[in-house]
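This report refers to the structure that appears directly beneath it.
Protein chains: 2
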Amino acid sequence: MHASFLSRSPRRRHPFLSTLAATSLAVLGASLGTPPDRACADEGMWLFTNPPTARLKEKYHFEPTQAWLEHLQKASIRFNSGGSGSFVSADGLVITNHHVGADALQKFGDAQHNYLRDGFYAKTRAEEKKCLDLELNVLMSIEDVTSRVKAAVQPDLTAEAALAARRAVIADIEKESKEKTGLRSDVVTLYQGGAYHLYRFKRYDDVRLVFAPEQGIAFYGGDPDNFEYPRYDLDICIFRAYENGQPAHPEQHLKWSANGPAEHGLVFVSGHPGSTSRQLTLAELADQRDRSLPRVLARMYRRETLLTSWSERSLENARKSRDDLFGIQNSRKAFDGRLDALLDPDVGDILMARETTLRNAIANDPKLADTLAAYNKIQNAQSIIAANSRTWDYFEGRRGHAAAFNSTLFEVARTLVRAGDERPKPNGERLPEFRDSSKDSLELRLFSEEPIYADYEELTLADSLTDFAGAFGDGDPLVQAVLANQSPRVRAHELVTGSKLKDVAVRRQLYAGGAAAIAASKDPMIELAQAVDGVARAARKNFETQDEIKQQAYAQIAAARFSTEGATNFPDATFTLRLSYGAVLGYEENGKSVPAFTNFAGLYQRASEHENKPPFDLPPRWVERKDKLNPNTPFNFVCTADIIGGNSGSPVVNTAGEFVGIIFDGNIQSLALDYVYTDKVARAVSVDSRAIMEALRVVYDAAPLADELAGHQPVAAKATVTDQ
Amino acid sequence: MHASFLSRSPRRRHPFLSTLAATSLAVLGASLGTPPDRACADEGMWLFTNPPTARLKEKYHFEPTQAWLEHLQKASIRFNSGGSGSFVSADGLVITNHHVGADALQKFGDAQHNYLRDGFYAKTRAEEKKCLDLELNVLMSIEDVTSRVKAAVQPDLTAEAALAARRAVIADIEKESKEKTGLRSDVVTLYQGGAYHLYRFKRYDDVRLVFAPEQGIAFYGGDPDNFEYPRYDLDICIFRAYENGQPAHPEQHLKWSANGPAEHGLVFVSGHPGSTSRQLTLAELADQRDRSLPRVLARMYRRETLLTSWSERSLENARKSRDDLFGIQNSRKAFDGRLDALLDPDVGDILMARETTLRNAIANDPKLADTLAAYNKIQNAQSIIAANSRTWDYFEGRRGHAAAFNSTLFEVARTLVRAGDERPKPNGERLPEFRDSSKDSLELRLFSEEPIYADYEELTLADSLTDFAGAFGDGDPLVQAVLANQSPRVRAHELVTGSKLKDVAVRRQLYAGGAAAIAASKDPMIELAQAVDGVARAARKNFETQDEIKQQAYAQIAAARFSTEGATNFPDATFTLRLSYGAVLGYEENGKSVPAFTNFAGLYQRASEHENKPPFDLPPRWVERKDKLNPNTPFNFVCTADIIGGNSGSPVVNTAGEFVGIIFDGNIQSLALDYVYTDKVARAVSVDSRAIMEALRVVYDAAPLADELAGHQPVAAKATVTDQ
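In the order they appear, the protein sequences are chains A and B.
For the first sequence, position 549 (counting from the first letter as 1) is numbered 549 according to my numbering, and the numbering increases by one without interruption.
For the second sequence, position 663 (counting from the first letter as 1) is numbered 663 according to my numbering, and the numbering increases by one without interruption.
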């Protein structure tokens, strides 16, 4: 007889939490040793108000001045569609990634034009194409409002009352600031609740497309090469910000470096990392690993299959779904890498040691006695969130992406229904997205003329309704009510073809008419959004109440961390502006050395190794111009800077604050950075400024644009100056 | 205020079961009316021992004789890899679908040869390529053994004892038959347990590849056109059965029809439909709809994404995973269609009415009083199966496909481990696949020299281990033990590279050495299979015990059905030989008329409409020979015969018993046939015998093969006859 299964005791594997009582963690952690000393590693997504000055001086003998920081901060741009960018000319040129601009490119397309696939170049300013709903934000000032927020939320409040009080004070702060400065004003939560900062942004909503390469070179190597290195991608897109119908003249812009970055040289990345999880408790990470990541991945697999198979049916289908499909594939690979990291016992050891160290420090400090309870509060709140996650997920979801209703028209309907209910309320009592301070951004999105394709809407809605029916069971009253005696496909057809919300004028009427107009509407999508709003709001309220409990507990833990480590650390990423730094440096992978730079010659070699077959085929222009290009031009490079999704499009600058490249990806090993920083093999991947210049001049015949980037006054602009 | 969600009562939707007590079904069903009279519809997957003679006479004025039936039965072939086929020459030529032969084609391939993609033609018999593990079965006789099986299973036994008794008697019957006749002998379960038949098969395991077209024409239109009509697919593959190293001379073969089928004409389909669910209770169907179909689809989406993205990385990856990817895409679309049907309230009405009618008949017949309890027994058993399904699914699965271990090497390891434990037991006590009567088939598979690619094994195993960890949670002791302190990727690498089971000689040693050799083995895959066998067997035992309870209950319901309807009906499909019939008939779809036939001209038109882009591109040979082909040759056609997956490759014959075509698909509407037959729009899709002949002669220069199919004695064979 062979040994029975359960008697085989694992050698050393002990995943954080789950089978271990929280109290035994310290003991276990102690036996593992603490993680290697990372004091010298280039870790950190630093606040501009708290830059890593000491570390930079010690390791790189460089000390950024206040002016240096302000220049970089105000030249940095947040793309509200999700991503980063920077001003790179005095006349408002903005550079970001092609995959950040893709949303705008997708929305320009129609059956005759596929800008996303084929690229675009405005030879003159008159040809620059105004984006439909793109908003750029530039961070102009930061104010610490932690004490005002904390003062408004008294410790004896129930979680529900605390949430309301916190909302109210934040709404007040934002409104006051907006009225005083005219700037977009957002109170952002840092350290999971340890601090609150008021960020004031200059807002640009007249943004025009200047240049995009073909997707075939921007995303060369496609999904297979995504998150891989070496790479050969011209992942850039160039816009121009306008004000009052004229090119903007931003306060700061980055000077273009003709020399690019130097190998081993110090570089900085200024951008908007979306989210990291380095300060989450083990309990919350275990829930990510065992519940939320597997579930979100299952949805990605589902949607990727749906869009891939639909895309194959015709070139027009492929065009309509291209940006969504890219986004799903990109997220799928990123989440896959995150889950892989959480399932890696080596990562688990580091995470456990990290929490153990802090818990031990807390346990040893009588002043912090209360704080250990915070861990339990977080675990309890997370369990409640987990237990209610199905309804939250299908009916509400993050940023209103309810999994049951994968439809742009539904999102429009929900926004209209909620606007009708929320706008009459006092500012401080509204859902945050309906606050006065968010009005401009909300209306920009709501009244966007982005194309909505009925067939595509039906496809995604029918699929998400089917998913929903499977998750709840067809007999569930919620399913019954949503499907209204139709199969998911028939119901989706009825909803999409019956709705008039494709027409922006109809949306404007319903928005202006408020709750009364909504109540009177017979639009089936409005009726659906109304019908499910009670369930969705209840799920959201439950989620946010538990989140409030977590914020309070995390605030306690953050205070303990400040007290034991000093306030020298950086908060987890929150899609707010951060400064990272590192060296341009290759690495070893499976015993092979991966150099820091690739070049154009490598691109042509890779294409030829793959017989120029998709996704390794070159756009015709790149084939034609091959002999004119300098093959030794550095194309992509890697550095050790600490980045994550949301950093896409971030400028890479040298110590002189010059633009030497643009972040567009991390290698596959960098996906673990969500949890643990390492500079052993994890790298940020960028396009070199020299490749951009060479491609613009030689491949795209875009000398005027290249001249403007290089800081030469363009002829047209000169003429204007003369005219004045 | 808008209406609250739950107060909106659905208009009419009432999914079967779930929210309705079983007792209220009859009432509800009665209010719906019974389904339309289908007496004249061409429904049925009939047993050859119980053909629909009366229906055929009434509707088509045709009466099959015993000789006619025997000829068709013995010319029909079951592909054990999953599919159907037929003998089409006196010298053992076998025709099936390309996608049925794909498994064999895939296994022939290597880095230099891609027969699956590029096709194959053996100009001489010497060039015919012997398949690695393909087994063909021809049904030679059928014997009703219901009374013997039932007698062995006394009604007072516990479910567990009943299962053992049923196993023992079946093993005895099979062994006796095998010893007496030398034929493969399988006892098959019909009517979900209402009857047991002993099927004796002539078995061919020397099968050689003669001809396959390019996958580009066999599967023209790819995934987008799969399950669609009109179609343009040459989905055929031709093998030859050998005996004693010489071409087999089967007792029966089909004469080739040069004329193909006639529009509106009666045709028959003789094949092996895999599985239907028309006699399942509503409780079991609700479980399919709400649990098993969504779950199996989630796994399909996951694997399709995995293989699609891996395939994109290189042409060699694409080759290695091609057949698996096709299989997954095909199943995904089929399951999607099934779930769509179960979520369709119109289908639900029919299903409910069907059960209600039978329940009412039972309730009205005092002799059947006990039978209503059978419905509850099934529902209870199904709940227990559902509650335990996670462990069953990940550790055991149907046909040993444990979802946690998606690896050929693991399957080999499990077979070896279990063979060591099972073979010493008395024949009647073994797991069915280790019975003496299954020995030849088991060893053919176990000792197959099919290529196993380490990178591909690692890919699929790492993914399934990740899936498993997500489903159970990383802290689960089962996950801990399986992963052995490694991440899924590292663990998969360790298992695959550490195992020697790729070497068939090693397998033979371990198999011959039995339990002692297994216990002594240090092969990591063997150790894993041992370690999980206790859990897997326990899950299987639970499943099979509940299944025994269901079989007994379904047997009661079947008896009631026989008693009320007469024994004139056909059982659900079970991958055993069945006879279907119908007319060659077009249909209406969205107001457009879809003709019964397509032709070669339509193929060229479709390619040109899609700019000859994949998957609508033509193989070069088809482009070159275009002008030589008769464009009016009928290519594909549809008929109303009742088919389902497993019927692929079934011959379509006319009333003269001649081969007029070959089933290869159903249209999208036919996917509902799993539950409900309809001839309104559901159609079986076939290749016309005329297209096959024209393509062989004109496109493939395969005149000798065409001559043999047409019944002309080939020159070489003539010479042999002269020699004798």
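Glycine is no exception: its CB is placed at the ideal position from the N, C-alpha and C atoms.
| Item | Value |
| --- | --- |
| Rounded distance between the beta-carbons of residue 304 (chain B) and residue 332 (chain B), thought under 8 Å | 6 Å |
| Residue 78 (chain B), DSSP secondary structure in three states | strand |
| Collapsed DSSP secondary structure at residue 505 (chain A) in the structure displayed | helix |
| Coarse secondary structure for residue 747 (chain B), derived from DSSP in three states | Nothing can be reported for residue 747 (chain B): it is not among the residues displayed for chain B, which extend from 1 to 724. |
| For residue 95 (chain A), the first and last residue of its enclosing alpha helix (DSSP H) | It is not in any alpha helix (DSSP H) - residue 95 (chain A) instead sits in the beta strand (DSSP E) that spans 93 to 96. |
| Three-way DSSP call (helix, strand, coil) for residue 155 (chain B) in this model | coil |
| Buried versus exposed, by CB contacts within 10 Å (16 or more), residue 62 (chain B) | exposed |
| Alpha-carbon spacing of residue 484 (chain B) relative to residue 491 (chain B), whole angstroms | 8 Å |
| Where the beta strand (DSSP E) containing residue 189 (chain A) begins and where it ends | 184 to 190 |
| Any C-beta of chain B under 8 Å from that of residue 811 (chain A) | There is no way to answer for residue 811 (chain A), as the model of chain A reaches only from 1 to 724. |
| Listed by chain order, chain A residues near residue 251 (chain B) by CB distance under 8 Å | Under the 8 Å cutoff, chain A gives no residues; its nearest Cβ is about 44 Å from residue 251 (chain B). |
| C-beta neighbour in chain A for residue 486 (chain B), strict 8 Å | yes |
| Rounded separation between residue 173 (chain B) and residue 352 (chain A) - CA only | 60 Å |
| Own chain, CB closer than 8 Å to residue 228 (chain A), minus 5 neighbours either side, in chain order | 221, 667, 668 |
| For residue 198 (chain B): DSSP bridge partner residues | B:143, B:187 |
| Residues bridged to residue 355 (chain A) [DSSP beta-bridge criterion] | In DSSP, residue 355 (chain A) forms no bridge with anything. |
| Residue 298 (chain B) vs residue 403 (chain A) beta-carbon contact at 8 Å | no |
| Boundaries of the alpha helix (DSSP H) in which residue 320 (chain A) is found, first to last residue | 315 to 342 |
| Proximal chain E residues relative to residue 301 (chain B), where beta-carbon distance stays under 7 Å | The structure shown contains no chain E; its protein chains are A and B. |
| Touch test, the segment 130 to 137 of chain A against the segment 204 to 215 of chain A, Cβ-Cβ under 8 Å, three pairs minimum | yes |
| From A:241, A:226, A:236, A:149, residue whose alpha carbon lies closest to that of residue 197 (chain A) | A:149 |
| Ranges of the alpha helix (DSSP H) found wholly within the segment 203 to 245 of chain A, counting only runs of at least 4 | 215 to 218, 222 to 225 |
| Range covered by the beta strand (DSSP E) that runs through residue 637 (chain B) | 634 to 639 |
| Proximity winner among A:654, A:640, A:680, relative to residue 262 (chain A) (alpha-carbon distances) | A:654 |
| Pairwise C-alpha distance: residue 410 (chain A) and residue 293 (chain A) | 25 Å |
| Helix, strand or coil at residue 699 (chain B) according to DSSP, with G and I counted as helix | helix |
| With 16 other Cβ atoms within 10 Å as the buried cut-off, status of residue 58 (chain B) | exposed |
| Min CB distance residue 354 (chain A) to chain B below 8 Å | no |
| Where residue 684 (chain B) sits in the DSSP three-state scheme | strand |
| Terminal residues of the alpha helix (DSSP H) in which residue 589 (chain A) lies | Unbroken run through residue 589 (chain A) is the beta strand (DSSP E), 587 to 589; no alpha helix (DSSP H). |
| Under the three-state DSSP convention, the category residue 676 (chain A) falls into | coil |
| 8 Å contact criterion, which residue 574 (chain B) and residue 188 (chain B) should meet: CB distance rounded | 6 Å |
| Cα-Cα separation, residue 290 (chain A) to residue 362 (chain A) | 28 Å |
| Within 8 Å, strictly: CB atoms of residue 89 (chain A) and residue 77 (chain A) | no |
| Beta carbon proximity, residue 298 (chain A) to chain B, threshold 8 Å | yes |
| For residue 452 (chain A) and residue 502 (chain A), believed in contact at Cβ under 8 Å, the rounded distance | 5 Å |
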